[in-house]
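K.L.:
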DNA sequence: CACGCCAACTCGTATAGACGAGTGGTCGAG
DNA sequence: CTCGACCACTCGTCTATACGAGTTGGCGTG
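Chains as they are written, first to last, in this note's numbering: chain B, 6 to 267; chain U, 6 to 267.
1) Measuring alpha carbon to alpha carbon, tell me which residue in 243(U), 252(U), 204(U) is nearest residue 225(U).
2) Within this structure, are the beta carbons of residue 181(B) and residue 173(B) separated by less than 9 Å?
3) May I ask you to report which of helix, strand or coil DSSP gives residue 143(B)?
4) So what's residue 70(B) in DSSP terms, helix, strand or just coil?
5) Is there a Cβ from chain U that is less than 9 Å from the Cβ of residue 87(B)?
6) Chain U partners of residue 104(B), CB-CB under 8 Å?
7) Pull up the CB-CB distance for residue 88(B) and residue 48(B), whole angstroms please, since I reckon it's below 8 Å.
8) Under a CB-based cut-off of 9 Å, is residue 57(B) close to chain U?
9) Kindly give me the distance between the Cβ atoms of residue 244(U) and residue 230(U), rounded to whole angstroms, as I take these residues to be in contact under 8 Å.
10) By how many angstroms is the C-alpha of residue 147(U) removed from the C-alpha of residue 246(U)?
11) Which residues in the same chain have their Cβ closer than 6 Å to the Cβ of residue 209(U), if we skip the five residues on either side of it in sequence?
12) Just to confirm before moving on: does the CB-CB distance between residue 159(B) and residue 128(B) stay below 9 Å?
13) Note down, in chain order, all residues in the region 150 to 164 of chain B with a beta-carbon under 9 Å from any beta-carbon belonging to chain U.
14) By the 10 Å Cβ neighbour count, where 16 or more other Cβ atoms means buried, how is residue 125(U) classified, buried or exposed?
15) Any idea which residues DSSP pairs residue 233(U) with across the strands?
16) Can you tell me whether residue 132(U) is helix, strand or coil according to DSSP?
17) What does a CB cutoff of less than 8 Å around residue 97(B) pick up in its chain, not counting 5 residues either side in sequence?
18) Taking the Cβ atom as the reference point for each residue, do residue 73(U) and residue 179(U) lie within a distance shorter than 9 Å?
19) Any idea what DSSP makes of residue 191(U), helix, strand or coil?
20) Distance, Cα to Cα, residue 93(B) vs residue 185(B)?
21) DSSP state of residue 24(U), grouped into three classes?
22) Could you check whether residue 250(U) and residue 168(U) sit closer than 9 Å to each other, using their CB atoms as the reference points?
23) Select from 118(U), 100(U), 45(U), 113(U) the residue whose C-alpha is nearest the C-alpha of residue 84(U).
24) Identify, in the order they occur along the chain, each residue of the same chain with its Cβ nearer than 6 Å to the Cβ of residue 115(B), setting aside the five sequence neighbours on each side.
25) Helix, strand or coil for residue 121(U) per DSSP?
26) Just how far apart, CA to CA, sit residue 7(B) and residue 61(B)?
27) Looking only at its own chain, which residues have a Cβ that is under 7 Å from the Cβ of residue 141(U), when we skip the five neighbours before and after it?
28) Just tell me which of 102(B), 131(B), 130(B) has its CA closest to the CA of residue 117(B).
29) Should residue 139(U) go down as buried or exposed, given a rule of 16 or more other Cβ atoms within 10 Å for buried?
30) On the DSSP bridge list, what partners appear for residue 240(B)?
31) I'd like to check one pair, residue 70(U) with residue 70(B): are the Cβ atoms closer than 9 Å?
32) How long is the line joining the alpha carbons of residue 238(U) and residue 156(U), rounded to whole angstroms?
33) Looking at the secondary structure, which residues open and close the beta strand (DSSP E) in which residue 164(U) lies?
34) Which residues in the same chain as residue 30(U) place their Cβ atom closer than 6 Å to its Cβ, once the five residues preceding and following it in sequence are excluded?
35) Residues of chain U with CB closer than 7 Å to the CB of residue 232(B), please, in chain order.
Next up, the structure:
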């Protein structure tokens, strides 16, 4: 019924070396970039494009699958293909673990999200002792077993981050850190109370495509990478007292670091 | 000719809700994860899998396209589909701009790569004056025109990073900074000589899928995201004196930051 | 008016076939 | 032995068709 008003999209170049489905993807991409289709707006249906370009449906679908892989569009079964809206991003500043942010009763995530006017949630909380993976064991200095604290963070119902903290048992066992709710200021406040004065953190950042499990827990759209952040906390004696492994939906975050020019 | 030795892959579950091409992708993914196919090793050909599973070729190709999107495999025309080898990663430490690393004659990238035993290259060097984009102008404090220094970095022939430095004209024009080779210690050393003593840097990190142009310049495989890093350098008077916009192949980098626990 | 059903439209999955093009090995001519 | 032609195998592109399943809106019935 929507015969695809001419003008929005051009014609194919039969003399071009470029594959037809790539040419179609190029045209759609350009139209999106130029704002001819706005965020959240519905693109022409597969049938429309089949008719407009005079190609078979698989060719159109190939074009769409390119754009999906680029994270530009997403398809909804029974509804159409839409320009993917960019979710509001959460900025993580490098001073987010400064002591002055640790004085309040609520967790940093909740406080910060409330301030930004979003509705924060934390779920899949799980606290248990388990065998340390090789990587975690290495980072914590050859411990065999660890306390693992897992949780998922959501903003306005959308999962944005899944994190696991690992702590050596000799530090965490029998302390509030092993409780589901470790109390005001979080586990870093508890660590300091227990005499492990924090000296510095080390963060390692990678980006990659998500595993199927990560797609599921973070409800990721096609074409959205994850940021994998591994933070190690060191006390004043140089001992690694915690490793926090975080997987974030890359479209929801900007990380920000302040570096001295020394 | 290679009838796909049984045992490597199982059968489909016709009763499952999961689409056939997803089941095939799942089996291949698991076989790769378990090390049944090693890095760089060739997977069964499309024809092999068509025969093994008794499905049509498009179904097999759909399965492969999932794995490509995950960055697990890559196809080579005329050769086969291979498990994607993980390239050696370059670690970027947060002290990489410390003054003590600035004393040598060669650029930091070259020095560091040589030390790691790789063969570094820098190309597409371009230095010119241009109009500042809105974003760059904002970051540099409302300048209209800027000096832009573009270059691409390669390791062992593989492009890994594409970077552009932007500097206000009143700082850079007519100085060694506007020369293709700014001399020992790079532009940061020159800035300090010109009286702009560096105080700190601010880095913003995002991850996303690459644009087609980025795929081309970085020769990215399917399923490889980019890390987008924007660094702003501030002098001791609080003025932003440089913005460096960097796009990195995410499979080639680990960023590492050291944060004080303050 | 309210509700449910249905039809039309959407994307998802799968089949079967065709031709093109890049790669690598074999084999025969020189 | 060397080189080129050829062929088998590989993935790339494209067509045509079919049916399934989620969504939406309208229409008819109660």
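From the three backbone atoms N, C-alpha and C, an ideal C-beta is built for every residue, glycine too.
P.N.:
Let me lay it out:
1) Position 220 of the second chain, counted from the start, is the residue given in the question as residue 225(U). When each option's Cα is compared against that of residue 225(U), the closest is 252(U).
2) As a position in the first chain, residue 181(B) is number 176, starting the count at 1. As a position in the first chain, residue 173(B) is number 168, starting the count at 1. No, Cβ-Cβ distance for residue 181(B) and residue 173(B) is not below 9 Å.
3) In the first chain, counting from the first residue as 1, residue 143(B) sits at position 138. Note: residue 143(B) maps to helix in three-state DSSP.
4) For the purposes of this step, residue 70(B) is taken as the residue at position 65 of the first chain. Correct three-state label for residue 70(B): helix.
5) Taking the first chain and counting its residues from 1, the one referred to as residue 87(B) is at position 82. Chain U, which has no Cβ nearer than 9 Å to the Cβ of residue 87(B), makes this no.
6) As a working mapping, residue 104(B) is identified with position 99 in the first chain. For residue 104(B), the chain U residues whose Cβ falls inside 8 Å of its Cβ are 266, 267, in order along the chain.
7) Translated into the one-based positions of the first chain, residue 88(B) becomes position 83. Translated into the one-based positions of the first chain, residue 48(B) becomes position 43. The Cβ separation is near 7 Å, so the contact holds.
8) Taking the first chain and counting its residues from 1, one reaches residue 57(B) at position 52. False, the Cβ-Cβ gap to chain U never drops below 9 Å.
9) Here the question's residue 244(U) lines up with position 239 in the second chain. Here the question's residue 230(U) lines up with position 225 in the second chain. Not a contact, Cβ separation roughly 33 Å.
10) Working through the second chain from its first residue, we reach residue 246(U) at position 241. Working through the second chain from its first residue, we reach residue 147(U) at position 142. Rounded to whole angstroms, residue 246(U) to residue 147(U) spans 12 Å at the Cα level.
11) Working through the second chain from its first residue, we reach residue 209(U) at position 204. Cβ within range, chain order: 235.
12) One-based indexing of the first chain puts residue 159(B) at position 154. One-based indexing of the first chain puts residue 128(B) at position 123. Contact: yes.
13) Interface annotation for the region 150 to 164 of chain B against chain U: empty, criterion Cβ-Cβ distance under 9 Å.
14) As a first step, residue 125(U) must be located in the second chain, where it is residue number 120. Buried, by the Cβ-count rule.
15) In the second chain, counting from the first residue as 1, residue 233(U) sits at position 228. Partner(s): 211(U), 252(U).
16) Working through the second chain from its first residue, we reach residue 132(U) at position 127. Here residue 132(U) carries a strand assignment [DSSP, helix/strand/coil].
17) Along the first chain, one-based indexing puts residue 97(B) at 92. If we look at residue 97(B) and ignore the five residues flanking it on each side, its Cβ neighbours are 258, 259, 260, 261.
18) For this step, residue 73(U) is matched to residue 68 along the second chain. For this step, residue 179(U) is matched to residue 174 along the second chain. Their beta carbons are not under 9 Å apart, which means residue 73(U) does not touch residue 179(U) by this criterion.
19) Along the second chain, read from residue 1 onward, the residue named residue 191(U) stands at position 186. The answer is helix: DSSP assigns residue 191(U) an H, G or I state.
20) Taking the first residue of the first chain as position 1, residue 93(B) is located at position 88. Taking the first residue of the first chain as position 1, residue 185(B) is located at position 180. C-alpha separation (whole angstroms): 29 Å.
21) Looking up residue 24(U) in the second chain gives position 19. The answer is coil: DSSP assigns residue 24(U) none of H, G, I, E or B.
22) Along the second chain, one-based indexing puts residue 168(U) at 163. Along the second chain, one-based indexing puts residue 250(U) at 245. Between residue 168(U) and residue 250(U), the C-beta spacing is below 9 Å.
23) As a position in the second chain, residue 84(U) is number 79, starting the count at 1. Nearest C-alpha to residue 84(U) among 118(U), 100(U), 45(U), 113(U): 45(U).
24) In the first chain, the residue the question calls residue 115(B) occupies position 110. Taking C-beta separations shorter than 6 Å and ignoring five residues to either side along the sequence, the partners of residue 115(B) in its chain run 125, following chain order.
25) Taking the first residue of the second chain as 1, we reach residue 121(U) at position 116. Three-state result, residue 121(U): coil.
26) In the first chain, counting from the first residue as 1, residue 7(B) sits at position 2. In the first chain, counting from the first residue as 1, residue 61(B) sits at position 56. Model confidence at residue 7(B) stands at a pLDDT of 49, short of 50, so the residue's coordinates are unreliable; what they give is reported in the following sentence. Cα to Cα, the separation comes out at about 18 Å.
27) Translated into the one-based positions of the second chain, residue 141(U) becomes position 136. The residues are 151, 171, 248.
28) Residue numbering aside, residue 117(B) sits at position 112 when the first chain is read from its first letter. Residue 117(B) has its Cα closest to that of 102(B), out of 102(B), 131(B), 130(B).
29) Locating residue 139(U) in the second chain gives position 134, counting from the first residue. The residue in question, residue 139(U), is exposed, as its Cβ has fewer than 16 Cβ neighbours within 10 Å.
30) Here residue 240(B) corresponds to residue number 235 of the first chain, with the count starting at 1. DSSP links residue 240(B) through a beta bridge to 203(B).
31) Translated into positions along the first chain, residue 70(B) becomes position 65. Translated into positions along the second chain, residue 70(U) becomes position 65. It is a contact, given that the beta carbons lie within the stated cut-off.
32) On the second chain, position 233 is the one that residue 238(U) refers to. On the second chain, position 151 is the one that residue 156(U) refers to. C-alpha separation (whole angstroms): 18 Å.
33) Start at 1 with the first residue of the second chain, and residue 164(U) comes out as number 159. Under the DSSP assignment, residue 164(U) falls in the beta strand (DSSP E) whose first and last residues are 163 to 173.
34) If you number the second chain from 1, residue 30(U) lands on position 25. The answer, listed in chain order, is 68, 71, 72.
35) Here residue 232(B) is taken as the residue at index 227 of the first chain, counted from 1. Using a Cβ-Cβ cut-off of 7 Å, residue 232(B) is close to 212 of chain U, given in chain order.
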